[in-house]
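A quick write-up on the structure given underneath.
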Ligand code: C2G
């Protein structure tokens, strides 16, 4: 039986950085389990999510190479999960480097470089720019309102 790999994340607004992480994680073994952070756990993480857990977990479950999705409800469930699923490798992106080294007593811990220039935060910012109205148009609209107010006074 090949190695079992596990990784955890929110996977909000699923993007190429998430995909590349999951692809590289799967390449380290034969079975990939993904713990998707529940909405409640994200509150504990202080992380606002746009897409609810049901949808985030369904998207991840349907990514090629993902064999099994479990809810991530707490920081300390990793130890139980590693034992329960007989995990050989825990994989996390490099922004977590060092945070899970204590688990290397029970499995290999691998940190993979994050994918550059993409994050849920950046996506949200570009969405705001995408939908916002240019300042000039707002000023123009107020000028038109002033003209109409004078017309009808
Ligand atoms: N990631 C990446 N490159 C990016 C963005 C994210 O490699 N540009 C990786 C992260 O390092 C993480 C995974 O993709 O390993 C999921 O990222 P998030 O959804 O942001 O996960 P996070 O909120 O960091 O939750 O217990 C661990 C936590 O649940 C991780």
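In my numbering, the protein residues as written are 14 to 166.
Every residue gets a Cβ at the ideal spot worked out from N, C-alpha and C, and that includes glycine.
With a cut-off of 8 angstroms on the beta carbons, I'd call residue i and residue j a contact; round off their distance for me.
{"i": "residue 102", "j": "residue 47", "result": "That pair is no contact at about 13 angstroms."}
{"i": "residue 31", "j": "residue 22", "result": "7 angstroms"}
{"i": "residue 92", "j": "residue 119", "result": "7 angstroms"}
Would residue i pass as a contact of residue j if the rule is Cβ separation under 7 angstroms?
{"i": "residue 144", "j": "residue 123", "result": "no"}
{"i": "residue 49", "j": "residue 70", "result": "yes"}
{"i": "residue 8", "j": "residue 85", "result": "Examination of residue 8 is not possible in this model, given that the chain is present from 14 through 166 alone."}
{"i": "residue 108", "j": "residue 63", "result": "no"}
{"i": "residue 128", "j": "residue 33", "result": "yes"}
{"i": "residue 66", "j": "residue 89", "result": "no"}
{"i": "residue 161", "j": "residue 37", "result": "no"}
{"i": "residue 82", "j": "residue 73", "result": "yes"}
Can you tell which of the options has its C-alpha closest to the C-alpha of residue i?
{"i": "residue 41", "options": "79, 136, 142, 68", "result": "79"}
{"i": "residue 58", "options": "87, 74, 35", "result": "87"}
{"i": "residue 95", "options": "60, 151, 121, 150", "result": "121"}
From the DSSP output, which residues share a beta bridge with residue i?
{"i": "residue 125", "result": "106"}
{"i": "residue 66", "result": "Paired residues: none, contrary to the question."}
{"i": "residue 47", "result": "20, 82"}
**Q.** Unbroken stretches of the alpha helix (DSSP H), 4 residues or longer, contained in the segment 76-120
**A.** Runs of the alpha helix (DSSP H) inside the segment 76-120: 90-97.
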